[in-house]
Amino acid sequence: MRNIKITVEYDGTAYSGWQRQEGAGTIQEALENVAGRIMQETIRIVASGRTDAGVHALGQTASFRTSTALPVERIQAGMNSLLSPDIAITAIEEVPASFHARYDSASKVYQYFLYNAPVRSPLRRRYCWHVREPLDCEAMGLAAASLRGRHDFSAFRSSGSDVKTTERTVFATSLLRSADNMVIFEIEGDGFLRSMVRSIMGTLVDVGKGKITPETFRSIMESGDRNRAGATAPPQGLFLKEVRYR
91 MRNIKITVEY
101 DGTAYSGWQR
111 QEGAGTIQEA
121 LENVAGRIMQ
131 ETIRIVASGR
141 TDAGVHALGQ
151 TASFRTSTAL
161 PVERIQAGMN
171 SLLSPDIAIT
181 AIEEVPASFH
191 ARYDSASKVY
201 QYFLYNAPVR
211 SPLRRRYCWH
221 VREPLDCEAM
231 GLAAASLRGR
241 HDFSAFRSSG
251 SDVKTTERTV
261 FATSLLRSAD
271 NMVIFEIEGD
281 GFLRSMVRSI
291 MGTLVDVGKG
301 KITPETFRSI
311 MESGDRNRAG
321 ATAPPQGLFL
331 KEVRYR
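Given below as structure tokens:
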């Protein structure tokens, strides 16, 4: 069996997240269905991690095993010809049998886009969170910097998430404001709890509005108390930018 690695870009607006589920359209289902048609066999695609409903990806990574002799270029072209316009395989390669898209990843990079202006942008509405109130981006950046390092991120996880440990390592953060009123938060870590980035972003917005200070943001993180953190930011502003491997 060959092991094939793919990089996928998608607009998650119309999908109920990555993972296949009964009665709901998902990215995994769409990819597996067209892969099966191209390779004439049942294909199970494993991603680096799940994305929630409405979340987008610039560089989701996944892999699957197949017995087909088709060149990878033909697999890519064939699948892209059958996929809907909101999903595309942007890169493909054959990898060693030992490669696993999830377990071999060293880090993931997420970006969150926020449009900070008095009036909403209809053309951007599917790809950012609109916040009308002026935001102090310098204070938000200071708060975000406190995320770096290894911490227990219980304060920023969604309720009901079942994981062995809530500790994660954040390698880098940045928060920038562009000339066109876009605020872009980027975070790289070895893994993320469910809704962690969106919960962080909602709390950073509280910092930007002056509701809490950067020091309070850090104390919220250290407390592990989800009730002290801000609201979960909406999904449409979140993008899985890149998955990095060892």
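91 is the number of the first residue of the sequence shown in this note's numbering; add one for each residue after it.
Beta carbons: idealized from backbone N, C-alpha and C, even for Gly.
Check: Under a Cβ-count criterion, where at least 16 other Cβ atoms within 10 Å of its own Cβ denotes burial, should T97 be classed as buried or exposed?
Finding: buried
Notebook entry, point to check: Thinking C-beta only, is T259 closer than 8 Å to E276?
Noted result: no
Next item on the list: For M230, collect the residues of the same chain with a Cβ closer than 7 Å to its Cβ; drop the 5 residues on either side in sequence, then sort them by chain order.
Entry: L265, L294, V297, G298
Item checked: Contact under 8 Å by Cβ, A152 with I135 -> yes
Margin query: Out of S197, A234, H146, E223, which one is the CA nearest neighbour of I290?
Written below: A234
Checklist line | First through last residue of the beta strand (DSSP E) which encompasses I94 | finding: 92-100
Checklist line | Spatial neighbours of C227 in its chain, beta-carbon cut-off 7 Å, leaving aside the 5 residues before and after | finding: L265, R267, V273, G298
Next item on the list: Work out the CA separation of F189 and A167 for me, nearest whole Å.
Entry: 23 Å
Next item on the list: Sort L328, Q326, R308 by Cα distance to A319 and report the nearest one.
Entry: R308
Check: Where do the N-terminal and C-terminal ends of the alpha helix (DSSP H) with V297 fall, by residue?
Finding: 286-298
Notebook entry, point to check: S285: buried (16+ other C-beta within 10 angstroms of its C-beta) or exposed?
Noted result: buried
Checklist line | G214 - containing alpha helix (DSSP H), residue span | finding: Before going further, note that residue 214 is Arg rather than Gly in the sequence given. R214 -> no alpha helix (DSSP H), and no H or E assigned at all.
Next item on the list: Pull up the DSSP beta-bridge partners for I133, would you.
Entry: The partner list for I133 (beta bridge, DSSP) is empty, contrary to what the question assumes.
Item checked: Runs of beta strand (DSSP E) lying entirely within the stretch 144-182, each at least 3 residues, in chain order -> 146-156
Next item on the list: Say whether the stretch 321-333 touches the stretch 191-202, bearing in mind that this needs 3 or more beta-carbon pairs closer than 8 Å, one atom from each stretch.
Entry: yes
Notebook entry, point to check: Which parts of the stretch 193-279 are runs of the alpha helix (DSSP H), unbroken and 4 residues or longer, counting only runs that do not cross its ends?
Noted result: 227-235
Notebook entry, point to check: What residues match up with Q111 in a beta bridge as DSSP calls it?
Noted result: A114
Checklist line | Separation of E163 from K301, as counted between CA atoms | finding: 52 Å
Margin query: Out of A321, S211, F246, P325, which one is the CA nearest neighbour of D270?
Written below: S211
Next item on the list: Measure the CB-CB distance between Y322 and G279 and report whether it falls below 8 Å.
Entry: With the sequence shown as reference, residue 322 is identified as Thr, and Tyr is not the correct amino acid for it. In this structure, G279 does not lie closer than 8 Å to T322 by Cβ.
Item checked: CA nearest to the CA of T158, picked from F203, S171, R92, A143 -> R92
Checklist line | Exposed unless 16 or more other CB atoms sit within 10 angstroms - verdict on L173 | finding: buried
Check: By Cβ distance below 8 Å, which residues in the same chain neighbour A120 in space, the five residues on each side in sequence not counted?
Finding: Y105, L173, S174, I177
Next item on the list: Return the first residue and the last residue of the beta strand (DSSP E) that R316 is part of.
Entry: Segment: none, R316 is in no beta strand (DSSP E) and carries neither H nor E.
Check: What is the DSSP secondary structure of F282, reduced to helix, strand or coil?
Finding: coil
Next item on the list: Please name the residue, chosen from K95, E257, V209, A125, that lies closest to D194 on a Cα-to-Cα basis.
Entry: K95
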